[in-house]
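Colleague: Dropping the structure in here first, questions after.
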Amino acid sequence: MREEFEAWASSPAFGLRAGHFEKADDGEYLNYPTQCYFQVWQASRAAIVIELPQRWEFNAFGDPQKNDSGTELEHLEVVKAIEAAGLRVKS
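Numbered according to my numbering, the sequence shown spans residues 540 to 630.
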């Protein structure tokens, strides 16, 4: 999430420079406004919740069928990818 924030904040649209991203030993930005921007960025990400659709699989004829027990690993991989983006998943 921090890399995404820094990429966005250093873009021409926002315009922070490399010096704005120096960090203290505790990981917080030394530049107080940058730290505030980052906290707002984190809060905006935390407010987004994605509800995943039902899991489906296809039978031998290619017809979709609700999967109540099989591809849990695929479901967990989707959840993992969404959470890695800094978002929460509604179960």
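No residue lacks a Cβ here, since even glycine has one placed at the ideal position from N, Cα and C.
Going by DSSP, which residues form a beta bridge with arginine 627?
Modeller: As a working note, residue 627 is residue 88 in the sequence shown. Val588.
Colleague: Would you tell me roughly how many angstroms separate the C-alpha atoms of arginine 627 and tryptophan 580, rounded to the nearest one?
Modeller: As a position in the sequence shown, residue 627 is number 88, starting the count at 1. As a position in the sequence shown, residue 580 is number 41, starting the count at 1. So the alpha carbons of these two residues sit roughly 14 Å apart.
Colleague: Would you tell me roughly how many angstroms separate the C-alpha atoms of threonine 573 and phenylalanine 600, rounded to the nearest one?
Modeller: Along the sequence shown, one-based indexing puts residue 573 at 34. Along the sequence shown, one-based indexing puts residue 600 at 61. Distance between the alpha carbons of threonine 573 and phenylalanine 600 is about 55 Å.
Colleague: Please go through the same chain and pick out, in chain order, the residues whose beta-carbon is closer than 7 Å to the beta-carbon of phenylalanine 577, but skip the five residues on each side of it.
Modeller: On the sequence shown, residue 577 is found 38 positions in, with the first residue counted as 1. For phenylalanine 577, where only same-chain residues beyond five positions count, the Cβ hits under 7 Å are Phe544 and Tyr568.
Colleague: Give the DSSP bridge partners of tyrosine 568, in chain order.
Modeller: In the sequence shown, the residue the question calls residue 568 occupies position 29. Looking at the DSSP assignment, tyrosine 568 forms a beta bridge with Lys562.
Colleague: Which first and last residues belong to the alpha helix (DSSP H) in which alanine 552 is found?
Modeller: Looking up residue 552 in the sequence shown gives position 13. Run containing alanine 552: none; DSSP gives neither H nor E here.
Colleague: Within 10 Å of its beta-carbon, does valine 582 have 16 or more other beta-carbons around it, so buried, or fewer, so exposed?
Modeller: Taking the sequence shown and counting its residues from 1, the one referred to as residue 582 is at position 43. The displayed chain sequence assigns alanine, not valine, to residue 582. Exposed is the call here.
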